[in-house]
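Structure, as structure tokens:
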Amino acid sequence: MKKTCLSAAIALSLLLSGCGGKSAEEHFNAGTSFAAQQKLGEAIIELKSAVAAAPDNADYRLLLGRLYMQSGDYFSAEKELARALENGADLNEVALDLLQASFRAENYQQVLGLFKDDARLNESRQQYAALYRALTEIEMGTADNAMPLFDSLVESTQPDIQAFARAMLQIKNNAPAEALATLQQTAADSPAILEINYYKAQLALALGDDEAALAGFYQYLQQVPTALRTRLTVAQLELKAQRLDKAQAELDQILRFAPEHGLTNYLRALVAFENKDFNKAKEHIDKAIGSRFNTTASRIMAGLIHHQLGLNTQALAHLASVQSQLGVYPPAQRLLTALQLQAGELTQAAGSIGNVELTEQDVNLAAVTAFELLKAGETTLANDILKRIEEAGLNQSSANLSTLGQLRLGIPEQMTAGIRDLEQALLLDPSRHDARLTLAASYIRQQQFDKASALADEWLTQPDTANAGYNLKALAALLTGKQDEASTLLASAEQADAKSPFTHYLQAAIAQQQQDSAKAINLLTKAVTNQPEYVPALLGLYGLQRAQQQDTAKVVELIRSTQQKFPNNPAVLGLLVNVYQFENNHDAVVKLLEPMLSKPEQLTPFVMSALATAYAVQRKLPETLAITERWYKQDERNQQAALAYANALALSNKHKDALQIIDNLLRRTPNNNDLRFIRFVLLAESGDYANALTAFEQLPKELSATPQMQFQRGRLQLLNGQITPGLATLQESYNAVPDPVTAIAIAEALAKDVSFRRAIRFLEEHFAKHGQDPRVYSFYGSLVLQDDIEKAKEIYFDIFQSDPENPLILNNYAWILAAGGEAKKAQPYAEKALSKLPQHPDILDTYGKILKLQGQHKEAIAQFEKSLAVRPNHPEVQLNYAESLIETGNKAKAREVLRSVNAESAEHKARQQQLSASL
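This is the structure:
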């Protein structure tokens, strides 16, 4: 086939125009010829050239407008026909074309105003104008305005208009079949045949003939391709028929014209969801809702899509926004409840369950909701759910009785009913192993060992369950001290299944009772050999090695290699992480879990929690913050994630950000006392003492009234400047429990704000009544130091002799010696303390001070810098550091350090001024 190069064609036309190309008439004649051959593209090009050459020629514009109509470009047609009319074209010749062009271009206001009361129109054109005005009123949603027009057109002289009007009145009288029959009698050459065929398709749709409707709509779209609402109807019909590709093609066409169209984006999301392209589905549903297509259906679809992508916080928000309408789609209602449970919104989940008529499909979810409510102490709500299950008659089947029975066992006052449900479940279906196991466990907890043992009889009758039966009987015997009977039963269990790990596990338990650790280890090893992933046996091996104070390296390596062989077993992973934590091997935890950061599917809450803990222990605060923030942002309603993130923020001294997280949680669960306590602690740590005291008053009395909490309250009152109330509160705490820390707090407050002598007397009375605790005695020495340095040395020496290997006591003794002018004598004690705790900021400072006092300023500077690296901005250390910098001549650095000192005490302020003056 010959191809024409567009650029070459343009160049040729330029050459021709430069050489005196076609005249306007020649273009018109050529266009007319192409039109006769139905070559619309070429005809339109020629006519546009004719119009460009003779813009005022009405004939040229009239033909061009009609060609545009044939091509389906009604917007351009309307423009050209209007210009033809302006240029003098005959009104009656142009009127019908212009009406149809404006109507099909959906320029409805134009149609309503065209030729209204224009006496120049002949009768036929007036009737067509009335018809299109009536159809426009219908399209605009004002059908009441259309009916009088149709009434007047029933007597039209035009057969097609008469039939159309009669059909519309039949539609009004709810007779769609008669209306369709009327329209089918219309002649095919009717000037309004396009609109007649469109309404025939609409009537076929109303009568349930989807395929006939589709055929009619497709025919209409061939002539009016820009009819987006018709195309939307076609897409919905194709979706209904599960022809997703065809529906998608129509929706893509609509989105080319209207990329933000709400309903179209919703349907496009539906198609993508059905094709499991959830990212594309999210893109379209977000656009739909952003375009204010905020219907229940779109919110449900958004919830389902976000849930599929693991974005549960967003899924919950979408579904919760239309919670009252979710009854139309029970799966969405169930998903909402599940998401509320996951987010810890237990009261809301109970409300969701309470708002639906329970069916068989809801029993498990209702039971889970009740179980979570029980865990949270919401027994009344849990009982309400159980009652609703019974009222719905859903407690008749064995499966449901088993579910309810297992749940009721968690409610003390319903344990008997729970056992009865399980017993009934087994009567209805003796093969229900879950009910039998739960019932056996319940009997064992209640020490009804005979009943537990009797449950095993049913299992013994079948070869497949004989091992489980013997194991259960052996366990009951073992718990009643019948070791020989248990051993015999386990021998039978081993005959029934020689590879049962639980059998070997129970045999190992007997061996341990008989203090035969070697045999127990052999049996546990056999259990692991038969089932490498059997976590109880692996844990048993680790426990035995630790109990015997043996090297656990081999069993830890066994657990590690097992985890490598079974990387998808969360129980083995959990065991390995717990063992590493128990061994204080946090580096191993990080090495194990850190690779999962790049694999979102492996990044479970357990992994993120364990990794955050390991980072925190290693003081890797940026990493702790990053992993907890990622976890929190993944699901902001997850309370465990929120608490982990808040803790990381607090560790990073971002107390206000942590408070915001806790406040968000409290808005959802305002009566959560654990969150109230955390909020109180964060306010105290952030230095907001007034609000911390207010938060203290909101704590439950059983907590706030304890001596420990009264100590915290008194400490905060002192920090808030409430000296007398603070001392009274501390005294109340001390009277209840004379804790050494409380004694120090009282003495410190007395010395600072009341009387130095009174503080000394209080501590001496404390020693007389409660003995000399090293911490209190050490503080006593620091007070005495202000008045009698020799006595202070004696006190610190006594403390040192009581525990000469304690690095903190060594540090305090070295410090008092240095303060008393014996720096050289103090040095060995400081060095010994430093060898035991090389990163302790206080010991580093003491050692630096000792070196400074001996004139070793460069060596002292190194110690001060190490101390400040661990604990920045400590005024005492900063002042020591600045003094040594001055002595070494580094005045610029000293000036910088002094400017950064936040001196609070009078002593520190005076020293800061003195050193600054020396510069």
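The sequence shown lines up with residues -24 to -1, 1 to 895 when you count with mature numbering (1 follows the signal peptide of the UniProt record, and there is no 0).
Backbone N, C-alpha and C define an ideal beta-carbon position, used for all residues, glycine too.
In this text the structure is predicted, and so the values were computed from the model without any measurement.
- Between His3 and Ala26 the beta-carbon gap is near 4 Å, inside 8 Å, which marks them as a contact.
- DSSP places Asn173 in the helix class (H, G or I) of the three-state scheme.
- Shortest Cα-Cα distance from Val553 to any of Lys541, Ile535, Asn544 and Phe542 involves Ile535.
- Look at the stretch 700 to 749 and you find no whole run of beta strand (DSSP E) that is 3 residues long or longer.
- Membership of Met123 in the alpha helix (DSSP H) is indicated by the continuous run Ala119 to Leu129.
- For Glu883, the number of other beta carbons within 10 angstroms of its own is below 16, and it is reported as exposed.
- With contacts defined as CB atoms closer than 8 Å, Leu466 and Thr479 qualify as a contacting pair.
- Under the DSSP assignment, Gly41 falls in the alpha helix (DSSP H) whose first and last residues are Ala34 to Ser47.
- Considering only Ala151, Ala122, Phe755 and Ala719, the residue with the shortest C-alpha distance to Ala110 is Ala122.
- Exclusion of the five residues before and after Lys541 leaves Pro508 as the residues of its chain whose Cβ lies within less than 8 Å of its Cβ.
- At a Cβ-Cβ threshold of 8 Å, Trp607 and Ala586 do not count as neighbours.
- Asn878 is classed as exposed because its beta carbon has fewer than 16 other beta carbons within 10 Å across all chains shown.
- Contact between the stretch 178 to 189 and the stretch 151 to 161 is established, with three or more Cβ pairs separated by less than 8 Å.
- DSSP, read as helix, strand or coil, puts Tyr510 in coil.
- The distance from the Cβ of Ala723 to that of Leu759 is about 7 Å, consistent with a contact at the 8 Å cut-off.
- With respect to the C-alpha of Leu125, the residue from Gly702, Phe776, Ala157 and Leu88 having the closest C-alpha is Leu88.
- C-alpha of Lys24 to C-alpha of Tyr104: approximately 29 Å in a straight line.
- For the pair Ala141 and Leu129, the Cα-to-Cα distance works out to about 6 Å.
- Closest by C-alpha distance to Tyr772, out of Leu784, Asn788, Glu781 and Asn782, is Asn788.
- Check the Cα spacing between Thr112 and each of Gln102, Gln86, Asp136 and Leu97: the tightest is with Gln86.
- If you look at Phe773, you'll find it in the alpha helix (DSSP H) that goes Ile765 to Ser778.
- Taking 4 residues as the minimum length, the alpha helix (DSSP H) runs contained wholly in the stretch 69 to 143 are 84 to 89, 99 to 115 and 119 to 129, in order along the chain.
- In the three-state DSSP reduction, Val298 falls in the coil class, being neither helix nor strand.
- Taking Glu770 as reference, the option from Pro783, Asp779, Ile792 and Gln762 with the minimal CA-CA separation is Ile792.
- In the structure shown, Ser166 falls within a coil segment according to DSSP collapsed to helix, strand and coil.
- The three-state reading of DSSP puts Ala790 in helix, counting H, G and I together.
- The continuous alpha helix (DSSP H) containing Thr538 extends over residues Ala529 to Lys541.
- Taking C-beta atoms as the reference points, Ala(-1) and Ala29 count as a pair closer than 8 Å.
- Between the alpha carbons of Ile637 and Asp262 lies a gap of roughly 26 Å.
- When rounded, the separation of the alpha-carbon atoms in Asp611 and Glu577 is 14 Å.
- Short of 7 Å from the beta carbon of Ala487, and not among the five residues preceding or following it, lie these beta carbons of its own chain, in chain order: Lys495, Ala496 and Leu499.
- By the beta-carbon neighbour count (other beta carbons within 10 angstroms, threshold 16), Val713 is exposed.
- Judged by DSSP in its simplified three-state form, Gln839 adopts helix.
- Residue burial is scored here from C-beta neighbours: Arg59 has at least 16 other C-beta atoms within 10 angstroms and is therefore classed as buried.
- About 11 Å separates the Cβ atoms of Ala660 and Ala666, ruling out a contact at the 8 Å cut-off.
- In summary, Gly697 is exposed, with fewer than 16 beta-carbon neighbours lying within 10 Å of its beta-carbon over all protein chains present.
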